[in-house]
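Right, one structure below, let's go through it.
In the working numbering, the protein residues as written are 29 to 260.
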């Protein structure tokens, strides 16, 4: 089953009211409760040195479901008040990384991890023709690191197809590919080797690469027992 895997990644206003941030966190982590098109959600707070703070992961059956989400009243009345530039209740800020919305198409939720596990995400802009070599590098890194329990590389198709996940709207995007890694603990994610960056230097265009890592707080749509069994 091909589905849409989507992230929203934001820098948070340091003066944002804590109570409103908690409301935003809950509304995104449990999005399926109010928007049935959202299959599952998880959130996390980035701990890497990159100046991005909040990550919301979610998935959709297909482009039609995603388009219904985009115009759902809960999206317009709740999420947009915390995210849009012209909202007096905005909790996020502009940032120089150009990663607000990323994602890709995938065969089923292969990226599931239990709540409390950690995700490490490398965003890279690959030079044309280097994807196979970079994929081989990610596979080598996975084999060399027994603490990396999950590794996925995908084109950042949402970077150019953000409106419906399918129709191309832009010629390119800042980060062309997403490399997801999974770990049992945040400490393992933070300690993962960065030696691959030197080997990949000739594959990465204009030194466009950032990494995030965060502990997952899963919400509606996740069956953590099933996820744990899948990972064992």
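Quick reminder that beta carbons are idealized off the backbone N, C-alpha and C, glycines included. Predicted model, so just to flag it, every value in this text is computed and none were measured.
Flag residue i as yes when its Cβ comes closer than 6 Å to any non-hydrogen atom of the ligand PLP, and as no otherwise.
i: residue 174; result: This structure lacks the ligand PLP; in fact it carries no ligand of any kind.
Where residue i and residue j are concerned, what is the direct C-alpha to C-alpha distance, given to the nearest angstrom?
i: residue 34; j: residue 129; result: 7 Å
i: residue 215; j: residue 32; result: 29 Å
i: residue 121; j: residue 57; result: 20 Å
i: residue 204; j: residue 76; result: 20 Å
i: residue 139; j: residue 92; result: 22 Å
i: residue 185; j: residue 55; result: 25 Å
i: residue 84; j: residue 70; result: 6 Å
i: residue 52; j: residue 103; result: 12 Å
i: residue 105; j: residue 38; result: 19 Å
i: residue 234; j: residue 110; result: 33 Å
i: residue 171; j: residue 131; result: 25 Å
i: residue 117; j: residue 62; result: 20 Å
i: residue 159; j: residue 30; result: 21 Å
i: residue 193; j: residue 45; result: 32 Å
Determine the burial state of residue i: buried for a count of at least 16 other Cβ atoms within 10 Å of its Cβ, exposed for fewer.
i: residue 36; result: buried
i: residue 99; result: exposed
i: residue 197; result: exposed
i: residue 223; result: exposed
i: residue 227; result: exposed
i: residue 142; result: buried
Rounded to the nearest angstrom, how far is the Cβ of residue i from that of residue j, given a contact under 8 Å?
i: residue 41; j: residue 112; result: The Cβ separation is near 13 Å, so there is no contact.
i: residue 126; j: residue 202; result: 4 Å
i: residue 239; j: residue 146; result: So it is not a contact: roughly 12 Å between Cβ atoms.
i: residue 81; j: residue 59; result: Residue 81 to residue 59, Cβ: 19 Å. No contact.
i: residue 123; j: residue 79; result: 6 Å
i: residue 176; j: residue 211; result: 6 Å
i: residue 217; j: residue 148; result: 4 Å
Inter-stretch contact (C-beta, 8 Å, three-pair minimum) for the region 62-82 and the region 178-190: no
Unbroken stretches of the beta strand (DSSP E), 3 residues or longer, contained in the region 128-174: 129-135 and 146-154
Within the region 32-115, ranges of the beta strand (DSSP E) (whole runs, at least 3 residues): 68-73 and 82-88
Complete alpha helix (DSSP H) runs within the region 171-219 (minimum length 4 residues, chain order): 214-218
Ranges of the beta strand (DSSP E) found wholly within the region 218-252, counting only runs of at least 3: 232-243
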